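Residue numbers (the numbering used here): 5 to 543.
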Amino acid sequence: MKKLLSMVLCAMMALTLAGCGGSSDDSSTYTYSSELDIKNLDSSDAEDGCSFTALHAIIDGLMKPAKDGTTTYGIAKSSEVSEDGLTHTYKLRDAKWSNGDAVTANDFVYAWQRIFKKKGNYYYMFCDGIASIAGAQELSDKIDAEQDLTDEDLNKLGVKAVDDKTLEITTTTRVSFFDELMSFPCFYPINQKFCEKQGDKYGKSADSILGNGAFVMANWEPGSVAEFEKNDKFYAAKDVKIDKLVMKLVQEPKVAAQAFEAGETDFAIINSDLVDKYKKDESFKNISEGFLFYVQPNLENADLANLNVRKALSLAINRKDLCENVLKDGSQAAKGFVPSGLSISPEGKDFRDEAATYTSYDKKAAQAALDEGLKELGKSEITLRLTYGTDESPMDVFATYLQNAFSSLKGLKIEMVATTKQDRIYNKQKNGDFDLSVTRWGPDYGDPTTYLTLALTDNNNNYGHWSNAEYDSIMGKVNSETDANARWQLMIDAEKILCEDLGYIPVFEKGTATLQNTKVKNLGIKPVGVPYTFEYVSK
């Protein structure tokens, strides 16, 4: 998953940036600059933060982020959960699509079945361990076995339109974060008649997407700009304060900062090279992105299958130095595979405060571990390829830092493999054509399982093929455990196994340095799920 954006404005342009920033004095338009592009507006395929942000601007799900960052009702006006926690009934409000059609319960049934029918990127979110919707795991198993799904199969998914305004969802176990999940884009509704008319073009242009949210998409030029107008058919249109939303796409940080100074944008993400220039300005803000950046070792590589080699790699990384002196964007050293600030225990404590710390920097110990690993392998030297995307900031800076750290160990050579994010994920990682991948993951929902499920043996995102039977067993118990405290401890136990075996090497929790218009209020920024909410913005 993952994703990010904010805002900014200026009072005078004659003085440097002090007291400066913003998109002129037009209070009806909010503009922000994104480093990334919108890839897709089809909720069955969209998977990146920029696409999620755009999609959320035009479509509401059953639930949505509230102004204070909590979860509130969207298309649903009320909900009820059965005593056993397995039946969720949502009553829908009188909402309309932007073409005037009523939003109905069948719009959700159609959209959810369509994700499986299209073998969409997020069908796993419906399955056991996450939403745990009845029938979803069986559909997933059929997809993974490369079997075609029939209409009869799809109708076994535990979602039913009782009537136009009543949606009933059945789960296989109690899911404490179910309402929050319902705000995630893969659970959004789709107008069936409109979608089928668009066919394969659905979600690929401004004209081929239909919304029910605060804005409608008026124009979309991939790689350049996306423009949105206030949706007068939105059920809460009277509360939307801006008339126009503009997304400037694929903006280099330096260009975005210049646009901010010129009053052409209300929000800009800047990189570490620009932090020192702007850090004392009132427009400068560090925000939490929610992403965990990590190194994924490919355990099908015999050298990396050696635990001591993996230990050497982890111990060689000075995470504190990387965050404070190189990134300088508010990032912090990762202590484990579940980031801080993600989830709170039944006792009200952060997961990271209750779990152990599994990372440290010790170059001498790193060299000793590598020496032992080489001895076990019967080698005097190994060479590892380090794969990263050059179009996903700050991956290039991160990868260069890792190259220097790893290369400082005697007996280890690093070959840099620079590529694009898309090629890194869908070609090299998917096909196992890598040794070490510099990658990241953004949380889809506020529970440790959004990270821990990645390491399951049969998870499609487990590109490094780390496998541990005890880990799989514990995570299976997490899925079915109904006692909240016992479930929490199981997740702590699972992370311990993963981190001590270094199936993944966590490095840092991403912060973001931004310039934000000081005249803008109520931009929703959330490090979980959809990064930005514009419904409440005012200038």
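Ideal Cβ positions, reconstructed from N, Cα and C, are used throughout, including at glycine.
This structure is a prediction, so every number in the text was calculated from the model and none was measured.
Residue from the options whose Cα sits closest to the Cα of residue i
| i | options | result |
| --- | --- | --- |
| Ala372 | Leu278, Ser542, Arg314 | Arg314 |
| Phe297 | Thr269, Lys324, Lys258, Gly446 | Gly446 |
| Asp497 | Asn472, Leu519, Phe295 | Asn472 |
| Thr4 | Pro226, Thr423, Thr91 | In this structure the chain extends from 5 to 543, so residue 4 is not present and cannot be described. |
| Ser364 | Arg389, Gln336, Gly377, Asp375 | Gln336 |
| Gly393 | Ile429, Ser412, Tyr206 | Ile429 |
| Asn302 | Asn125, Gly124, Leu519, Tyr467 | Tyr467 |
| Asn225 | Lys252, Asp236, Asn526, Lys201 | Position check: residue 225 holds Glu in this sequence, whereas Asn was assumed. The shortest Cα separation from Glu225 among Lys252, Asp236, Asn526, Lys201 belongs to Lys252. |
| Leu249 | Lys514, Ile62, Val113, Lys68 | Ile62 |
| Thr423 | Phe410, Ser37, Thr391 | Thr391 |
| Trp470 | Met479, Ile478, Leu460, Ser477 | Leu460 |
| Met67 | Thr537, Lys543, Ser542, Val541 | Thr537 |
| Thr93 | Lys71, Leu458, Ala272, Asp168 | Asp168 |
| Pro189 | Gly89, Lys197, Asp49 | Asp49 |
| Cys131 | Ala165, Val179, Asn110, Leu153 | Val179 |
| Val532 | Ser228, Arg97, Gly294, Tyr540 | Gly294 |
| Tyr235 | Asp64, Leu45, Val163 | The displayed chain sequence assigns Asn, not Tyr, to residue 235. Minimum Cα distance to Asn235 is reached at Asp64. |
| Asp204 | Asp277, Lys122, Thr269 | Lys122 |
| Leu506 | Asn312, Asp427, Arg97, Asp111 | Asn312 |
Buried or exposed (CB count within 10 angstroms, at least 16 for buried), residue i
| i | result |
| --- | --- |
| Ser187 | buried |
| Thr486 | exposed |
| Thr361 | exposed |
| Val442 | buried |
| Glu385 | exposed |
| Lys432 | buried |
| Val534 | buried |
| Pro350 | exposed |
| Ala329 | A small fix is needed here, since residue 329 is Asn in this sequence, not Ala. Result: exposed. |
| Ala396 | As written in the sequence, residue 396 is Glu, which differs from the Ala given in the question. Classification of Glu396: buried, given that the 10 Å Cβ count is 16 or more. |
| Gly26 | The predicted position of Gly26 is uncertain, since its pLDDT is 48 and thus under 50; no value can be drawn from it. |
| Glu499 | buried |
| Glu256 | exposed |
| Lys201 | exposed |
| Ala149 | exposed |
| Glu84 | exposed |
| Ser477 | exposed |
| Asn408 | exposed |
| Ala272 | buried |
| Gly352 | exposed |
| Ala403 | buried |
| Ser10 | Caution is warranted here: a pLDDT of 38 is assigned to Ser10, below 50, making its placement in the model unreliable, and the coordinate value is therefore given only provisionally. Buried, since its Cβ has 16 or more Cβ neighbours within 10 Å. |
| Asp183 | buried |
| Asn159 | exposed |
Residues sharing a beta bridge with residue i, DSSP
| i | result |
| --- | --- |
| Gly528 | Thr537 |
| Thr35 | Val250 |
| Trp224 | Ala230 |
| Leu519 | Ala272, Phe288 |
| Pro301 | Leu440 |
| Val85 | His92 |
| Ala547 | Any question about residue 547 goes unanswered here, given that the chain covers just 5 to 543. |
| Pro69 | Thr75 |
| Pro510 | Tyr298 |
| Ala106 | Lys100 |
| Trp445 | Leu296 |
| Lys417 | Thr387 |
Backbone secondary structure at residue i - three-state DSSP
| i | result |
| --- | --- |
| Trp116 | helix |
| Trp492 | helix |
| Pro257 | helix |
| Thr3 | This structure does not reach residue 3, given that the chain is present from 5 up to 543, and the question cannot be answered. |
| Lys279 | Per the sequence shown, residue 279 should be read as Val rather than Lys. The answer is helix: DSSP assigns Val279 an H, G or I state. |
| Leu40 | coil |
| His92 | strand |
| Thr76 | strand |
| Leu502 | helix |
| Ile134 | coil |
| Lys543 | coil |
| Leu1 | Because the chain spans 5 through 543 in this model, residue 1 falls outside it and cannot be assessed. |
| Leu311 | helix |
| Leu143 | helix |
| Phe238 | coil |
| Asn435 | coil |
| Tyr126 | coil |
| Leu406 | helix |
Neighbour flag for residue i against chain D, beta carbons, 9 Å
| i | result |
| --- | --- |
| Val179 | Considering every chain present, this structure includes no chain D. It has just one protein chain. |
Contact test: residue i Cβ vs the ligand PLP heavy atom, cutoff 8 Å
| i | result |
| --- | --- |
| Glu84 | The ligand PLP is not part of the structure shown, which contains no ligands of any sort. |
In chain order, what are the residue ranges of uninterrupted alpha helix (DSSP H) at least 4 long that sit wholly in the stretch 145-219? 155-158, 182-185, 196-202
Whole runs of the alpha helix (DSSP H) within the stretch 316-394, excluding any shorter than 4 residues: 355-358, 367-381
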